[in-house]
Amino acid sequence: EDQVTQSPEALRLQEGESSSLNCSYTVSGLRGLFWYRQDPGKGPEFLFTLYSAGEEKEKERLKATLTKKESFLHITAPKPEDSATYLCAVQATGTASKLTFGTGTRLQVTL
Amino acid sequence: EAGVTQFPSHSVIEKGQTVTLRCDPISGHDNLYWYRRVMGKEIKFLLHFVKESKQDESGMPNNRFLAERTGGTYSTLKVQPAELEDSGVYFCASSEIDRVHGYTFGSGTRLTVV
């Protein structure tokens, strides 16, 4: 069974204090790994898709990386507006479009 | 472009009652998905439509849940009769074609069964 584990559950950073969120996964065959951002009362908002080990993608202060067992979401010099829950999900080969999600990391960035 | 629209945004019903959730996907999106997040747990897949056909309904919890997609446009998810454990946030998402990319989620319907 496909499984996604995210750590830490919650993270509090000061503005400008860089850190990384972890997503460990087990899947029979990886078709894609997704990162989403979710704000309170909203649905998940797509950030990145990574397809193969060694791939990296960047968007503003966020950078996602992928190995064969885990993915990291690096946040560089975060701002308060980066506060949100960050979700990781995997799509396995042969499962059409079904995503398996982790429970997320709640990030709070303070001034 | 209008996003994925879900309504109601909140619903509180008594155990044993029936509730129908609606999802309007982005126009032209053939793929429509339902997911659910129960308190404290991860978001879990319920089912996937391609146009009006059910492609995968492996995540539907039991036969109290019925999903339809009339004419390949909007979709409804009916829970009848509702039980306490059905409480959670129900998300709908849509995508243009069935390939690996991030689909667009709606804001969800928060269902509370009391």
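Residue numbers (this note's numbering), protein chains in the order written: chain G, 7 to 117; chain R, 1067 to 1180. Note that CB positions come from ideal geometry on N, CA and C, so glycine has one too. The structure displayed is predicted, hence computed values, not measured ones.
From R:K1120, R:G1125, R:S1124, residue whose alpha carbon lies closest to that of R:G1137: Residue numbering aside, residue 1137 of chain R sits at position 71 when the second sequence is read from its first letter. Closest option to R:G1137, Cα to Cα, is R:K1120.
Inter-residue Cα distance where the pair is G:R43 and G:S77: Here the question's residue 43 of chain G lines up with position 37 in the first sequence. Here the question's residue 77 of chain G lines up with position 71 in the first sequence. Distance between the alpha carbons of G:R43 and G:S77 is about 15 Å.
Within 10 Å of its beta-carbon, does R:T1175 have 16 or more other beta-carbons around it, so buried, or fewer, so exposed? Working through the second sequence from its first residue, we reach residue 1175 of chain R at position 109. Answer is buried; the Cβ neighbour count reaches 16.
Integer Cβ distance of R:R1103 from R:Y1140, believed to fall under 8 Å: Walking along the second sequence from the start, residue 1103 of chain R turns up at place 37. Walking along the second sequence from the start, residue 1140 of chain R turns up at place 74. Not really, about 21 Å apart at Cβ, beyond 8 Å.
Please state whether DSSP places R:D1090 in a helix, a strand or coil. Taking the first residue of the second sequence as position 1, residue 1090 of chain R is located at position 24. The answer is strand: DSSP assigns R:D1090 an E or B state.
Give every residue of the same chain whose Cβ lies closer than 8 Å to the Cβ of R:G1094, excluding the five residues on either side of it in the sequence, and list them in chain order. Taking the first residue of the second sequence as 1, we reach residue 1094 of chain R at position 28. Excluding sequence neighbours, R:G1094 sits near E1162.
Do G:K85 and G:E21 have their C-beta atoms within less than 7 Å of each other? On the first sequence, residue 85 of chain G is found 79 positions in, with the first residue counted as 1. On the first sequence, residue 21 of chain G is found 15 positions in, with the first residue counted as 1. Closer than 7 Å, so yes.
Is it buried or exposed, R:E1108, if we count other Cβ atoms within 10 angstroms and call 16 or more buried? Residue 1108 of chain R sits at position 42 when you count from the first residue of the second sequence. Under this definition R:E1108 is a buried residue.
Could you round the C-beta distance between R:V1179 and R:E1149 to whole angstroms and report it? I think they count as a contact, below 8 Å. Position 113 of the second sequence, counted from the first residue, corresponds to residue 1179 of chain R. Position 83 of the second sequence, counted from the first residue, corresponds to residue 1149 of chain R. That belief holds up - the Cβ atoms of R:V1179 and R:E1149 are roughly 6 Å apart, short of 8 Å.
Round the Cβ separation of G:A59 and G:K74 to the nearest angstrom and send it over; I've been treating them as touching at under 8 Å. What you label residue 59 of chain G is simply residue 53 of the first sequence in a count that begins at 1. What you label residue 74 of chain G is simply residue 68 of the first sequence in a count that begins at 1. Contact flag correct, Cβ pair sits at about 5 Å.
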